[in-house]
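Enquirer: Just passing along the structure, written as structure tokens.
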Amino acid sequence: MSTYPFDYPQEVSVLDVPAWLWAVFAGSVVIMLLIDLFAHRRTHIIGFREAAVWSAVWVGVSLLFAGLVWASLGTGAAVEFTTAWLLEKSLSVDNLFVFALIFGYFAVPREYQHRALFYGVIGALVFRAIFIAAGVAIVSTFTVVLFVFAAILLWSAYKLMKDDDEEYDPRKNIAVRLVRKVVPVQEQYSGAKFFVKVAGKWVATPMFVVVVAIEAADLVFAVDSVPAVLAVSDDTFIVYSSNAFAILGLRALYFFLSGMLDKFHYLSKGLAIILGFIGVKLILQAAHKTISTSIPEIPSLVSLAVVVLVLAGSVVLSLTRPAPAPVEAAAERVEAGKDDGTGDAGTAATGQVDDDRERLAREGSP
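So the sequence shown is residues 1 to 366, counted in UniProt numbering.
In structure tokens:
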């Protein structure tokens, strides 16, 4: 798919992936899930240190597998795997905010949050397999669909950059509403159980609804994630294995970052840049395949460098440049729209500027 600066095949066909490598991948996933389940067999609140250790373990396992891919399939496949894994990892951070909203809305006890994410991850692995298999099949049959995927990514990038993403509301989740209509749900939790018997009848617990909400959120997230990773590779093994390892480390990453999510205020801008770049990469790939082979493609090594640099830059900027305080932000909007409400802020919300003036009058202009 890509033009690499090294001497190795440009594409890795699924037929070139040996059966033993698929077996190692599947075995690694199962073993790590069992280890994780055994380590957390007793419900407890996962602290920062424990989450940091598990995050490091998942990163280490992923990089070890990347080394195995390099040894068995070559540098090109290893670069694609690492790029796809890091891309999925970075995009999934945005999904952590949704998890936090779900846990907050359903008042999930902290000691049960890991178990909810554990079941959510298992479901995500199944649904991602379906999405990726369908995506690879569609791309291999109808190359022009890459333009559609590119449009999806560019639109998502625009919404992220403009902060136009609609705030997630669990009450509006179609899957959650459907469950509540079909299955009776009790108000209180019964440990990590999904169903309990009440007065001789089976009823669902809030834990079941939480897992459904997590699965539904991941399906929405996959609309951006799968097209993005297909821009890196169209090989089923590379795409799914990288997705799987990124998803498996998501639970530990959530608890590791749970107290710091609000500090990464520039992360959405970084993700917007990454999605925009991947969208352009997809357009060039589609044009190369459907219009003219003289149209250049962006090498995977360049993609990896861009993802790393932009992600690192957004994190560093977030930690070194605090977000404006609410009153300061209001003052900036008033300043931007002070002439006639047609400044950058005034154009979008003249009424917001008026509200900000009133707020500043009450609280005192900084």
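All residues carry an ideal CB built from backbone N, CA and C; glycine is no exception.
None of the values given here were measured: they were computed from a predicted structure.
How do the stretch 126 to 143 and the stretch 224 to 231 stand: do at least 3 beta-carbon pairs fall below 8 Å, yes or no?
Expert: With a cut-off of 8 Å, the stretch 224 to 231 and the stretch 126 to 143 count as touching, because enough Cβ pairs lie within range.
Enquirer: According to DSSP, what are the bridge partners of residue 202?
Expert: The residue you call residue 202 lines up with position 202 of the sequence shown. Answer is 197.
Enquirer: Report the partner residues of residue 185 according to the DSSP bridge assignment.
Expert: Residue mapping note: residue 185 aligns to position 185 of the sequence shown, counting from 1. Answer is 204, bridged to residue 185.
Enquirer: Quick one: grab the DSSP three-state call for residue 215.
Expert: Position 215 of the sequence shown, counted from the first residue, corresponds to residue 215. Reduced to three states, the DSSP call for residue 215 is helix.
Enquirer: Using a Cβ-Cβ cut-off of 8 Å (strictly less than) and excluding sequence neighbours within five positions of residue 140, which residues of its own chain qualify?
Expert: By one-based count along the sequence shown, residue 140 stands at place 140. Excluding residues within five positions, the ones whose Cβ falls inside 8 Å are 234.
Enquirer: Along the chain, where does the alpha helix (DSSP H) containing residue 277 start, and where does it finish?
Expert: As a position in the sequence shown, residue 277 is number 277, starting the count at 1. Element bounds for residue 277: 267 to 290.
Enquirer: Anyone know if the C-beta pair for residue 44 and residue 111 falls short of 7 Å?
Expert: In the sequence shown, counting from the first residue as 1, residue 44 sits at position 44. In the sequence shown, counting from the first residue as 1, residue 111 sits at position 111. In this structure, residue 111 lies closer than 7 Å to residue 44 by Cβ.
Enquirer: With DSSP as the reference, label residue 300 as helix, strand or coil.
Expert: As a working mapping, residue 300 is identified with position 300 in the sequence shown. Of the three classes helix, strand and coil, the one that applies to residue 300 here is helix, per DSSP.
Enquirer: Under 7 Å, do residue 176 and residue 209 count as touching if we go by C-beta distance?
Expert: Reading the sequence shown from its first residue, position 176 is the one you call residue 176. Reading the sequence shown from its first residue, position 209 is the one you call residue 209. It is a contact, given that the beta carbons lie within the stated cut-off.
Enquirer: Along the alpha helix (DSSP H) that carries residue 264, what are the first and last residues, could you check?
Expert: Translated into positions along the sequence shown, residue 264 becomes position 264. Where residue 264 is concerned, there is no enclosing alpha helix (DSSP H), given that its DSSP letter is neither H nor E.
Enquirer: My output table needs one value for residue 428: the three-state DSSP class, helix, strand or coil.
Expert: Nothing about residue 428 can be reported from this structure: the residues present for the chain run from 1 to 366 only.
Enquirer: Run through DSSP, which three-state label would residue 144 get?
Expert: Residue mapping note: residue 144 aligns to position 144 of the sequence shown, counting from 1. The answer is coil: DSSP assigns residue 144 none of H, G, I, E or B.
Enquirer: Using a Cβ-Cβ cut-off of 7 Å (strictly less than) and excluding sequence neighbours within five positions of residue 103, which residues of its own chain qualify?
Expert: In the sequence shown, counting from the first residue as 1, residue 103 sits at position 103. Hits under 7 Å: 113.
Enquirer: According to DSSP, is residue 372 part of a helix, a strand, or is it coil?
Expert: This structure cannot settle anything about residue 372, because the visible part of the chain is limited to 1 through 366.
Enquirer: Please go through the same chain and pick out, in chain order, the residues whose beta-carbon is closer than 6 Å to the beta-carbon of residue 222, but skip the five residues on each side of it.
Expert: Start at 1 with the first residue of the sequence shown, and residue 222 comes out as number 222. Closer than 6 Å at the Cβ level, and outside the excluded window around residue 222, lie 131.
Enquirer: Exposed or buried, which one is residue 80 when buried takes at least 16 other CB atoms within 10 Å?
Expert: Reading the sequence shown from its first residue, position 80 is the one you call residue 80. When all chains shown are included, residue 80 counts as buried.
Enquirer: Contact between the stretch 274 to 290 and the stretch 121 to 131 is defined here as three or more beta-carbon pairs at a separation below 8 Å; is this criterion met?
Expert: No: the two stretches stay apart, fewer than three of their Cβ pairs being nearer than 8 Å.
Enquirer: Have a look at residue 19 and residue 73 and give me their C-alpha separation to the nearest angstrom.
Expert: Along the sequence shown, read from residue 1 onward, the residue named residue 19 stands at position 19. Along the sequence shown, read from residue 1 onward, the residue named residue 73 stands at position 73. So the two alpha carbons sit approximately 12 Å from each other.
Enquirer: Pairs of beta-carbons, one from the stretch 87 to 95 and one from the stretch 152 to 159, closer than 8 Å: are there three or more?
Expert: Result no; under three Cβ-Cβ pairs closer than 8 Å.
Enquirer: What are the complete alpha helix (DSSP H) segments, minimum 4 residues, inside the stretch 71 to 126?
Expert: Taking only runs of at least 4 residues, the alpha helix (DSSP H) segments lying wholly in the stretch 71 to 126 are 75 to 105.
Enquirer: Here's the rule I'm using: 16 or more other beta-carbon atoms within 10 Å means buried, otherwise exposed. How should residue 231 be labelled?
Expert: Reading the sequence shown from its first residue, position 231 is the one you call residue 231. When all chains shown are included, residue 231 counts as buried.
Enquirer: Taking all protein chains shown into account, do 16 or more other C-beta atoms lie within 10 angstroms of the C-beta of residue 311, making it buried, or fewer, making it exposed?
Expert: Reading the sequence shown from its first residue, position 311 is the one you call residue 311. Buried: at least 16 other Cβ atoms inside 10 Å.
Enquirer: The alpha helix (DSSP H) spanning residue 251 covers which residue range?
Expert: Within the sequence shown, the letter at position 251 stands for residue 251. Per DSSP, residue 251 belongs to the alpha helix (DSSP H) from 250 to 257.
Enquirer: So is residue 88 buried or exposed if we call it buried at 16+ other beta carbons inside 10 Å?
Expert: By one-based count along the sequence shown, residue 88 stands at place 88. Answer is buried; the Cβ neighbour count reaches 16.
Enquirer: Give the DSSP-derived three-state secondary structure of residue 293 in the structure shown.
Expert: To locate residue 293, count along the sequence shown from 1; it is residue 293. In this structure, residue 293 counts as coil in the three-state DSSP scheme.
Enquirer: Taking just the CA atoms, how far does residue 321 sit from residue 121?
Expert: Stepping through the sequence shown from its first residue, residue 121 is reached at position 121. Stepping through the sequence shown from its first residue, residue 321 is reached at position 321. Taking the straight line joining both Cα atoms gives about 33 Å.
Enquirer: Taking 7 Å as the threshold (C-beta atoms), are residue 83 and residue 289 in contact?
Expert: For the purposes of this step, residue 289 is taken as the residue at position 289 of the sequence shown. For the purposes of this step, residue 83 is taken as the residue at position 83 of the sequence shown. No, these two residues do not count as a Cβ contact at 7 Å.
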